[in-house]
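Residue numbers (my numbering): 132 to 587.
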RNA sequence: GUGGUUGUAGCUCAGUUGGUUAGAGCGCUGGAUUGUGGUUCCAGAGGUCGCCGGUUCAAAUCCGGUCAUCCACCCCA
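Written as structure tokens, this is what we have:
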């Protein structure tokens, strides 16, 4: 058969894995620095845990796992004969692949609420699956890097998460803009425009601003049945960049004022530290997910930064505060949480485009032994063990093959040094130590070679 | 789920209005060079032209279907 992999999935070669790990390691280090603890959850969850959490669209994008055994025997006859797939699913599938890390986290918190300290600060770096049609930067299997704190509504966490964004991207060498807004401010806008009942329609329209422009938002708003007067008001408010200027606008909106208050507090905290990237209030930031209730975050590449002008990439991270995420699993108190996510796959693509990965990658193979005959090969195998014991990443070509063949292999592995051993080396008690980059080589005693490689 | 794009050697791609044995570059193998890779030169291997069907004397080429791919939309990271 012809080998292949499922649509929307990818293999990663050694070079890619090393670069991906560089991103994951950097993110993980920062998470730990800020006091977050790792958890992992199963790739599969009970389907009931997942369904209904991501809206109707989300349910369609859930991967369902077929039950084992003679699953058709227990299938819903009615749905089966009606060819009604949606109705049939519950009777033939009880598990699904996780769609994100937030819902499994909520489930985890509820299940282990008596064993974990609150506020509970956790990070999680695992793959998720979506049956979306793949396209640029979108896959059916991809990693999410989530960091959340649940069990406190303190606004220092919003500030902390913005700092985490700032630090991670500064370590990765990528200039970004962290945009902040608050769902309560958006609610205040809806109230101020007199369209409070159409709050959802308004946020969904605003969310598309980047893509469809201001006129597009106008059309979208009126297309959703919002009067032209209200549309004008909303569009006018989208031009506001000064957070405090909203206070007078929101004089009649308690919620709106609360949002301004919260965001001001977060900005105050942030002003106390040094930030390397721009963190700014952006009233046009909406985020479609409707479980957010407070501050919301989104990170984009800073295209005004030198060298990054040409980058065309949507958001590379986002998140926000959600109240009552755990309530669907029956935990009503301590349910307030706030968290953000890093879009590792997109960050990878941007870093690749900007050549931001360190040149040496992670340290891989440092030394390859090349032997010319059986006696030298056996001698080299002994030295190989000593090299590894000394902390040097080393390898011996599996047999004393033609020198050209072994050298080609050394070249393909991009090993910086090779140690050649043949009759004359055995007689002299030395090795021919060759620098593959420069082509220089010298006869050295074994301890001298170890010394040279140890400090690298 | 909707619309479109492209499927030819391991990879990237040529292939004219349908016409003999389907090509190139890179990579791979061997040799020039029996103790030296990355440069150069020579030779060689490697293809059911995505798959199924149709039109035709004749199909990589035209038509239909199907699968895969990429792109856009919906939604999202």
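No residue lacks a Cβ here, since even glycine has one placed at the ideal position from N, Cα and C.
Distance check between residue 366 and each of 376, 340, 374, 383 places 340 closest, using alpha-carbon atoms only. Going by beta carbons, residue 170 and residue 239 fall inside the 8 Å limit. Distance from residue 316 to residue 377 at the Cβ level is roughly 7 Å; contact confirmed, criterion being Cβ atoms closer than 8 Å. Annotation for residue 334: 317, 417 place their beta carbon closer than 6 Å to its own, counting only its chain and skipping 5 residues before and after.
Taking C-beta atoms as the reference points, residue 485 and residue 546 fail to come closer than 8 Å. Boundaries of the alpha helix (DSSP H) harbouring residue 353: 340-354, taken from the DSSP string. Rounded to the nearest whole angstrom, the C-alpha separation of residue 144 and residue 353 is 49 Å.
Residues 507, 562, 563, 574 of the same chain have their beta carbon placed closer than 8 Å to that of residue 556, with the five preceding and five following residues left out of the count.
For the set 253, 543, 421, 301, the Cα lying nearest the Cα of residue 183 is the one of 421. Between the alpha carbons of residue 216 and residue 223 lies a gap of roughly 10 Å.
Looking at the DSSP output, residue 501 bridges to 551.
Cβ contact annotation for residue 332 (same chain, cutoff 6 Å, sequence separation greater than five): 355, in chain order. In this structure, residue 237 lies near residue 460, with their beta-carbon atoms less than 8 Å apart. In this structure, 500 is the residue among 500, 531, 504 with its C-alpha nearest to the C-alpha of residue 516.
According to DSSP, residue 408 shares a beta bridge with no other residue.
With a contact defined as Cβ atoms closer than 8 Å, residue 139 and residue 270 qualify at about 5 Å. The Cβ-Cβ distance between residue 474 and residue 448 falls below 8 Å. In the DSSP assignment, residue 226 forms a beta bridge with 177, 196. Three or more Cβ pairs closer than 8 Å define a contact, and the region 288-300 falls short of that threshold against the region 204-216. With contacts defined by Cβ atoms closer than 8 Å, residue 261 and residue 167 do not form a contacting pair.
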